[in-house]
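J.: Residue numbering for the sequence shown is -21 to -1, 1 to 175, as defined by mature numbering (1 follows the signal peptide of the UniProt record, and there is no 0).
First, the structure itself, so that you have it in front of you.
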Amino acid sequence: MLRKTMIAAVAVSAVAAPAFAGSYQQAPADPVVPAPAPAPVFSGSDWTGAYAGASLGYGDLDAELGSASEGADGTVYGVQAGYDYDFGTFVLGGELDYSATDLDFNGTDLDSITRLKVRAGYDAGQTLVYGVAGAAHAESDLGDDNGWILGVGADYKLTDDVTVGGEYLYHQFDDFDDTGVDIDGSTLAARVNYRF
């Protein structure tokens, strides 16, 4: 009896072993998931370097002689060149610009304004916000004279080399060319620059 039981057990084992062997499968390895690409990080922008460009805008100036006043407004357009140095978040630079105008004070033309400016501003990455102070030289039918300017502006980098922006300037010319006429007013211009 024992012998029959052992033979039966061996037979069952022999038949069952291949069935169990075929049903056993190795667990699949954990899938390989690639690490996500790092998100692009804007590391800031260096404003150090020279630039040159052109401007187009609008001017509104007043000429005063005693209690009499005469206004003129019209187009201003010109060119500029300068250099900035970026100290991190603070940018300091200088600029020379020339603007021709079509401003007419009752028959007296203001032909052009040349400006020498100091620019100081904040580096906000692709944007530079700045203030301006400097000297201006105006040429007109009355003669030529020197004055001063104050203003604000902003430049935005479209690429590493090309910027667009705008600039507001207040001008003051006292006793223009010893005529007793005081001229003051403002210009607002759109600007485009190529940076070297």
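Ideal Cβ positions, reconstructed from N, Cα and C, are used throughout, including at glycine.
Source: prediction; values computed, not measured.
1) For the segment 92 to 135, list the beta strand (DSSP E) runs that are entirely contained and at least 3 residues long, ordered along the chain.
2) Determine the direct distance from the alpha carbon of Phe69 to that of Gly100, and round the result to whole angstroms.
3) Express the C-alpha separation of Gly67 and Ser22 in angstroms, rounding to a whole number.
4) Quick check on DSSP: helix, strand or coil for Ser22?
5) Quick one: what does DSSP say Phe155 is sitting in, helix, strand or coil?
6) Answer with buried or exposed for Gly159, where buried requires no fewer than 16 other C-beta atoms within 10 angstroms of its C-beta.
7) What number of angstroms, rounded off, separates the C-alpha of Ser165 from the C-alpha of Tyr109?
8) Looking at the structure shown, is Ala14 part of a helix, part of a strand, or coil, going by DSSP?
9) From Gly32 to Asp41, what does the alpha carbon distance come to, in whole angstroms?
10) Compare the beta carbon distance of Arg94 and Gly72 with 7 Å and say whether it is the shorter of the two.
11) To the nearest angstrom, report how far apart Leu121 and Ile162 are at their CA atoms.
12) Can you tell me whether Asn85 is helix, strand or coil according to DSSP?
13) Considering only the alpha carbon of each residue, which of Pro13, Gly28, Tyr56 lies closest to Asp63?
14) Comparing alpha-carbon positions, which option in Leu107, Gly126, Ser78, Asp65 lies nearest Tyr37?
15) Using 10 angstroms around the beta-carbon of Val11, count the other beta-carbons present and answer buried if the total reaches 16, otherwise exposed.
T.: So, from the listed chains and residues:
1) 106 to 119
2) 6 Å
3) With a pLDDT of 47 at Ser22, under the threshold of 50, the predicted position of this residue should be treated as unreliable, and no value is reported.
4) Because the pLDDT of Ser22 is 47, which lies under 50, any placement of that residue in the model is unreliable, and the number read from its coordinates should be weighed accordingly. Three-state result, Ser22: coil.
5) helix
6) exposed
7) 17 Å
8) coil
9) 28 Å
10) no
11) 12 Å
12) coil
13) Gly28
14) Ser78
15) exposed
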